[in-house]
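Residue numbers (the working numbering): 3 to 139.
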């Protein structure tokens, strides 16, 4: 059901500092920052040959990332995102097996529909599913 690993998301307390580390220290290609009001974050993507790393900075106190950083002040891995061809079918399949989908479908950073799955259902890991076309999986 799941396709390739789309990205690993890392919550960071300072996006500018984190971007510099990946770009200047590690020599990675880093995207421009994008603000996602619906998710309460500003993000950049670090492009790698086999996947991406998403760096997340909270947009204010109400951001879910702000809560994560309150518990993990230096930041850390927040979630993993897997691609699926049909998000509705994937959600139905998972819910039939007892997995909990958190909230409603939203539009992700790449303009595609996304949902999150409860970390307690996946060995403590928050999972994001992103719907992508069949040919891109």
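From the three backbone atoms N, C-alpha and C, an ideal C-beta is built for every residue, glycine too.
- Secondary structure of residue 88 (DSSP, three-state): coil.
- The Cβ atoms of residue 128 and residue 101 lie no closer than 8 Å to each other.
- In the DSSP assignment, residue 83 is bridged to 9, 130.
- Taking a C-beta distance under 8 Å as the contact criterion, residue 11 and residue 58 qualify as a contact pair.
- A direct Cα-Cα distance of roughly 8 Å separates residue 40 from residue 109.
- Counting along the chain, residue 56 sits inside the beta strand (DSSP E) bounded by residues 54-60.
- CA-to-CA, the gap between residue 16 and residue 111 works out to about 19 Å.
- Just measuring C-alpha positions, the residue of 74, 80, 28 sitting nearest residue 126 is 80.
- The beta-bridge partner set that DSSP reports for residue 115 consists of 109.
- With a 10 Å radius around the Cβ and a threshold of 16 neighbouring Cβ atoms, residue 74 comes out exposed.
- Sorting 38, 52, 115, 31 by C-alpha distance to the C-alpha of residue 66 places 38 at the top.
- Between residue 35 and residue 45, the CB-CB gap stays under 8 Å.
- Non-local C-beta neighbours of residue 20 in its own chain, meaning closer than 7 Å and more than five positions away in sequence, comprise 14, 57, ordered along the chain.
- Counting along the chain, the unbroken beta strand (DSSP E) around residue 37 starts and ends at 36-38.
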